[in-house]
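Residue numbers (UniProt numbering), protein chains in the order written: chain A, 1 to 287; chain B, 1 to 235.
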Ligand SMILES: Nc1ncnc2c1ncn2[C@@H]1O[C@H](COP(=O)(O)OP(=O)(O)OP(=O)(O)O)[C@@H](O)[C@H]1O
Ligand SMILES: [Mg+2]
């Protein structure tokens, strides 16, 4: 049971990292990035390609792939998303959804649908004794790094001027412009950063999850539920909900396996009935 | 200082401002009175460059003889416009102090109020400086919204109904602040339904009706016609 809870937290780490990026992007741009899962998948394939084609190991991939995909995100925002945001939100919906399908199919064409093998980094090949049970070292590493990453983002958001601007622009974009802040200048880096976080999660996933073109699409549905549970646009909410959903689905798997697939959505429905803006969301988000 | 020339604005197809022309001179406090829906808020948002998301505008706005009509809102703010929106615009996700520190200080504007002076003038803001902005009372939020633009050294304040819904004591306090601000050389364009209050703080008044400036009044005229105006405004 404790071990299963730990599994849940590790799974939750991926939800949290993806939901975090999705949340800051939604907050700052008002765009629901349906291609977020595809960038997670590209992160994992980036690690695979780095090893397969260039012989670059996991650690180098972890440092290199997220910034590269982040830059791709920046280009994407400048070329397309920026032009679509003044229009009906539906355009960015369609655009990011279409992009997700295109990216998936491009990868499928190159590598097929079957999963690619990716070894664990040898430094983390063993197990760690956690007192009550032993656990694969790599999974412990994933959990630790994700928590550190979430804490770092949270510190930046709450303790720095950039973070203050992001929070203000998320809450009241127009007013923030009226108070003398060039909100547009921060939109592109925030989008790039959100994408880089998804890619970071993807690289982390490569050694422990099946690396295939659909890995992002499978995961992202749950991540959307996580973001809704945490409260759209609430950064703290998405991270907390990410770990909570990971925990709940892992324990659900153990106790009510029949419900394991839909448990998250039941949770979402209950939360929405109870608090329509999500656990940490504010009603203003609907304006 | 501020010149508005034949400014019109639309929400989709519906016209909300019709060729509004007006001016505010340096050091003046000018109020804008008008019924609900007359277009007062729309006018302030246009001056701030914030109408773009709702619809089109025509006409020109100039500040210190410089045409600012094409400038983005943040550039207008940096030219010395300080915006106090009708809902006070206090951020819930920012602490009181962060609300104060968010807008950058304008260059070459009025003397910006240091944080220390803000806190001396508004002691409740110091007490609650670590609280989320929206945990303040309505009056304190209004103080925060005013202090926030004073801290930037804005030269022209655009205040949208700062006294709405506040107790007489706080209204009086806001009047004092406005007079103090004026004495320091800051210019104010004030949207105000409380014509009695308006006549005690302002120099001149414009009456706006259905998107048009229909009259320009001085304080004596406002006092003489207070009852008529209140009736007209439906208060
Ligand atoms: N977001 C909007 N969409 C469409 N029409 C709007 C919008 N906001 C205002 N209007 C319309 O524009 C006109 C002017 O509204 P505005 O808010 O500027 O009036 P106001 O003088 O500030 O009124 P109040 O005293 O109620 O604050 C009104 O007829 C109003 O219905
Ligand atoms: Mg109004």
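C-beta: ideal position from N, C-alpha, C; glycine also.
According to DSSP, residue pairing for residue 158 of chain A in a beta bridge does not occur.
Neighbours of residue 53 of chain B in chain A, taken as residues whose beta carbon is under 7 Å from its own, are 174 in chain order. Counting along the chain, residue 202 of chain A sits inside the alpha helix (DSSP H) bounded by residues 183 to 205. When A/107, A/139, A/205 and A/123 are compared, the shortest CA-CA separation from residue 5 of chain A is found for A/139. Assigned with DSSP and collapsed to three states, residue 193 of chain B falls in coil, not helix or strand. Under the Cβ criterion (8 Å, minimum of three pairs), the region 267 to 280 of chain A counts as touching the region 215 to 234 of chain A. At a cut-off of 8 Å between C-beta atoms, residue 102 of chain B counts as an interface residue with respect to chain A. Close to residue 112 of chain B, with beta-carbon spacing below 9 Å, lies no residue of chain A; the smallest spacing is near 12 Å. Counting only runs of at least 3 residues, the region 16 to 56 of chain B fully encloses the following beta strand (DSSP E) elements, listed from N- to C-terminal order: 29 to 33. The Cβ-Cβ distance between residue 37 of chain A and residue 100 of chain A falls below 8 Å. Contacts between residue 66 of chain B and chain A, judged by CB atoms closer than 8 Å, are missing: the closest CB pair is about 17 Å apart. Under the three-state reduction of DSSP output, residue 148 of chain B falls in the helix class. In the displayed model, residue 220 of chain A falls within a helix according to three-state DSSP. Among the residues facing chain A, residue 83 of chain B is included, as its CB has a counterpart in that chain under 8 Å away. By the 16-neighbour rule on beta-carbons within 10 angstroms, residue 55 of chain A is exposed.
In chain order, 249, 252 and 253 place their CB closer than 7 Å to the CB of residue 260 of chain A, counting only its own chain and leaving out the 5 sequence neighbours on each side. By the Cβ rule, the region 55 to 72 of chain A counts as touching the region 195 to 206 of chain A, because three or more pairs are nearer than 8 Å. For residue 81 of chain B, the enclosing beta strand (DSSP E) begins and ends at 81 to 84. Of the candidates B/37, B/1, B/11 and B/9, the residue whose Cα lies closest to the Cα of residue 207 of chain B is B/37.
Residues of the same chain with a CB within less than 8 Å of the CB of residue 104 of chain A, apart from the 5 flanking positions on each side, are 38, 41, 213, 214, 216 and 217 in chain order.
Contact annotation, residue 121 of chain A with residue 207 of chain A: C-beta distance approximately 7 Å; criterion of less than 8 Å satisfied. If you ignore the 5 residues before and after residue 9 of chain B, its C-beta comes within less than 7 Å of the C-beta of 16, 17, 42, 46, 51, 55 and 57, all in its own chain and listed in chain order. In this structure, ligand 1 has no non-hydrogen atom nearer than 7 Å to the beta-carbon of residue 218 of chain A. Sequence-distant partners of residue 138 of chain B (beyond 5 residues in either direction) whose C-beta falls short of 7 Å from its own C-beta, in its chain, are 165 and 166. Look at the region 148 to 231 of chain B and you find these whole runs of beta strand (DSSP E), each 3 residues long or longer: 156 to 160, 187 to 191, 204 to 209 and 212 to 218. Residues of chain B whose Cβ lies closer than 7 Å to the Cβ of residue 182 of chain A are, in chain order, 74. Comparing alpha carbon positions, the residue from A/189, A/20 and A/211 closest to residue 238 of chain A is A/20.
One Cα belongs to residue 90 of chain B, the other to residue 166 of chain A, and the distance between them is close to 15 Å. One thing to note: residue 27 of chain B has its Cβ within 8 Å of the Cβ of residue 185 of chain B. Of the other Cβ atoms in all chains shown, 16 or more fall within 10 Å of the Cβ of residue 125 of chain B; this residue is therefore buried. At least 8 Å separates the CB of residue 143 of chain B from every CB of chain A. In this structure, residue 176 of chain A and residue 187 of chain A do not form a Cβ contact; the two beta carbons are roughly 12 Å apart against a cut-off of 8 Å.
Inside the region 228 to 260 of chain A, DSSP marks whole alpha helix (DSSP H) runs of 4 or more residues at positions 235 to 255, from first to last along the chain. Restricting attention to A/112, A/220 and A/168, the CA atom closest to the CA of residue 97 of chain B is found in A/168. In this structure, the alpha-carbon of residue 127 of chain B lies about 30 Å from that of residue 198 of chain B. Looking at the DSSP output, residue 127 of chain A bridges to A/136.
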